[in-house]
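Below is the structure:
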């Protein structure tokens, strides 16, 4: 009798056990489903977040036609900005220009212009300069720096002009580059400004701007000259050189270009390398654009700035 009531109890408990077994399963399933959904959402979010980090499609390279058009437009804009662009060395003849250009290496044109009046007063011709004692010539050109090397070049080229060219500066590039201390840059300066023969003058300013403008990627001056010559008509070469050099000296400086004050900024692929704030950029402008004297003691009549001051006389020995 005691066993009789226990059987139904056991029978009643059996379904309870099944219910208990199923309940955790349901709860577990209920807990798993949101977790899985949350994980899926998190993965989706991560995927979505990573998508913008992908690299933007590369810009199409500028076509040759577009490059030429942009380059020639820059030249036109520079012509409007510097209608008075000119060689910034004082000279009255081809010999003076040749000598001044040789002296301009590693110094400013202003310093050369302050030095040459005394030099040309003593030695106005190749014959006169070739006859100078080296020590005297060194002393005359000392303010331009590297005066010993420059003295050697000037004595050599003066003697060559006297002996091989009848005391006259030749008007051909192939002859000019045979003179001591004369390379393509110097030859093109002389040809373009003393003889009216078009030439591209690749100095440090011209090379820097040609690369910033995207006209070339070359560092070698001869290669830069060849690349730029292929973009512009020959008739533009000499004035293009003056305009680009003017802009390099006044606005597009080596260390901190005045991008925010540059009128051709919209055409320049290197915009932003320098100061972009207009007010700060204006303070970086040099020479006539910055209200300072230019480089020539005797600038052309249409030059809008002040002439450079002459060199101060040497202090008297006490």
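Numbering (this note's numbering), first residue to last: -9 to 308.
The beta carbon of each residue, even a glycine, is placed where N, CA and C say it ideally should be.
Original post:
By how many angstroms is the C-alpha of residue 227 removed from the C-alpha of residue 115?
Top reply: Those two C-alpha atoms are separated by around 29 Å.
**OP:** Could you check which residue in 285, 198 and 302 has the C-alpha nearest to that of residue 295?
**Re:** With distances taken between Cα atoms, residue 295 lies closest to 285.
**OP:** Ignore the nearest five residues each way along the sequence and tell me which others in residue 139's own chain have a CB closer than 6 Å to its CB.
**Re:** none
Subject >> Minimum Cβ-Cβ distance from residue 63 to chain B less than 7 Å >> reply: Looking for chain B here will not work: only one protein chain is present.
Subject >> Every unbroken alpha helix (DSSP H) inside the region 94 to 154 [4 residues or more] >> reply: 99 to 112, 116 to 120, 124 to 131 and 137 to 154
Original post:
Is the CB-CB distance between residue 289 and residue 183 below 7 Å?
Top reply: No, they are not a contact pair.
Subject >> Whether residue 269 touches residue 247 by CB criterion (7 Å) >> reply: no
Original post:
Hey, how far is the Cα of residue 205 from the Cα of residue 217?
Top reply: 7 Å
Subject >> Chain-order list of residues whose beta-carbon lies under 7 Å from that of residue 214 (same chain, five-residue window excluded) >> reply: 192, 197, 200, 206 and 208
Original post:
If you draw a straight line from the alpha carbon of residue 162 to that of residue 239, how long is it in whole angstroms?
Top reply: 29 Å
Original post:
By DSSP, does residue 244 sit in helix, in strand, or in coil?
Top reply: coil
Subject >> Inter-residue spacing [alpha-carbon to alpha-carbon] between residue 190 and residue 225 >> reply: When rounded, the distance between both Cα atoms is 11 Å.
Original post:
Quick one: is residue 82 buried, meaning 16 or more other Cβ sit within 10 Å of its Cβ, or exposed?
Top reply: exposed
Original post:
Could you check where the alpha helix (DSSP H) with residue 273 kicks off and where it finishes?
Top reply: Per DSSP, residue 273 belongs to no alpha helix (DSSP H) and is neither H nor E.
Original post:
Between which two residues does the alpha helix (DSSP H) carrying residue 196 extend?
Top reply: 194 to 202
Subject >> Opening and closing residue of the alpha helix (DSSP H) in which residue 64 lies >> reply: 54 to 71
**OP:** Drop a sphere of 10 angstroms on the beta-carbon of residue 106, count the other beta-carbons inside from all chains shown, and report buried for 16 or more, exposed for fewer.
**Re:** buried
**OP:** Quick one: grab the DSSP three-state call for residue 168.
**Re:** Coil, per DSSP.
Original post:
Mapping DSSP to helix, strand and coil, what is residue 180?
Top reply: helix
Original post:
Cα-Cα, which of 120, 100, 175 and 91 is closest to residue 148?
Top reply: Out of 120, 100, 175 and 91, 120 has the C-alpha closest to the C-alpha of residue 148.
**OP:** Give every residue of the same chain whose Cβ lies closer than 6 Å to the Cβ of residue 67, excluding the five residues on either side of it in the sequence, and list them in chain order.
**Re:** So the qualifying residues of the chain are 254.
Subject >> Residue span of the alpha helix (DSSP H) that contains residue 211, given as start and end >> reply: 211 to 219
Original post:
Less than 6 Å between the CB of residue 260 and some heavy atom of the ligand ATP, yes or no?
Top reply: With respect to the ligand ATP, the structure shown offers nothing to examine, as it has no ligands at all.
**OP:** Report buried or exposed for residue 50, applying the criterion of at least 16 other Cβ atoms within 10 angstroms of its Cβ.
**Re:** Label assigned to residue 50: exposed.
Subject >> Residue of 135, 259, 202 and 299 minimising C-alpha distance to residue 94 >> reply: 135
Original post:
Under three-state DSSP, which class holds residue 249?
Top reply: helix
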